[in-house]
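With the UniProt record's numbering, letter number 119 in the sequence shown gets 119, and the count goes up by one each step, no holes. Reviewing the structure listed below.
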Amino acid sequence: MSLKDRGLAYGDGLFETIVVKAGQPLLLERHLQRLESGCARLSIATDHALIRAEMTRFAAELGDGVMKLILTRGDSQRGYALAPDSQPRRILQGGPAPAYPGVHAEQGVRLFACQTRLAEQPLLAGLKHLNRLEQVLARSEWRDSEHAEGLMRDTSGRLIEGVYSNLFLVSQGRLLTADLSRCGVAGAMRAELLDQAPKLGVAVDIRDLHMSDLESADEVFLCNSVYGVWPVCSFAALNWPVGPLTRKLQGIARTLLDI
């Protein structure tokens, strides 16, 4: 990798993390849609057909595990100004899938209250860009094994997401999740569950979430495209049961991820 690469120097790029089963990249369309949207937002001109072909070939060789694509803007000289002749760089990595404790999915997880706040930047909101320092700082706040994830808020105090997951609440039969127009990552599994919920007759509400919403929630769960769905059983002094809608959506996620 060149020392002039803007991904290395500035975090100028995007990434996707994809589960691979029997040589097949799962939720590939969702990941590619987000990648293409991110490239358009950051004005990174790239060949998406080529990326698809490379990822498909890499997944076939990997067999089973997790594949990570890092896409940077490529090389440039010193300074923030974009180089008109930059050529995007594609990096593919593969490794074994993480082995999470089964109790996380079956009995639920405890959430840590992160003090690190997410900056509000609508131009980057929703993207899985390479700048992850907020998540690095948030994850460094706890080291015990009691908390599997941390809850992150934005600088205005709104509930946004986990450190590496999206957040959902169930309240009076409705499925709530945070508006990610200011910050946060629009996860591939989040998108799938938002599409699937109405098919179960469940109304979806994407809006600002506050601590009062968490306090009044009937069910709480997290999701991402690697582990699927984890019920949340506690946060600080709050406790929730593993509810029926969480279980239904968890079943859908397990099918999608072949868990």
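Quick reminder that beta carbons are idealized off the backbone N, C-alpha and C, glycines included. Fair warning: this is a prediction, and the values are worked out from it, not measured in the lab.
Put simply, the stretch 128-143 touches the stretch 3-12. At least three CB pairs are less than 8 Å apart. By the Cβ test, the stretch 196-212 is in contact with the stretch 167-178, since at least three Cβ pairs between them sit closer than 8 Å. In the structure shown, the three-state DSSP call for GLU149 is strand. Fully contained in the stretch 174-241 are the following alpha helix (DSSP H) runs of length 4 or more, in chain order: 188-196, 211-216.
The closest CA to that of LEU249, considering only MET189, SER212, VAL226, is found on MET189. Bounds of any beta strand (DSSP E) do not take in GLY126, whose DSSP letter is neither H nor E.
For the pair MET152 and ASN239, the Cα-to-Cα distance works out to about 18 Å. Restricting attention to GLU61, ALA125, ASP195, the CA atom closest to the CA of ARG182 is found in ALA125. Around ILE252, the same chain offers GLN196 as residues with beta carbons nearer than 6 Å, after the five sequence neighbours per side are excluded. For LEU92, the enclosing beta strand (DSSP E) has its first and last residue at 89-95. Around the beta-carbon of ALA59, 16 or more other beta-carbon atoms lie within 10 Å, marking it buried.
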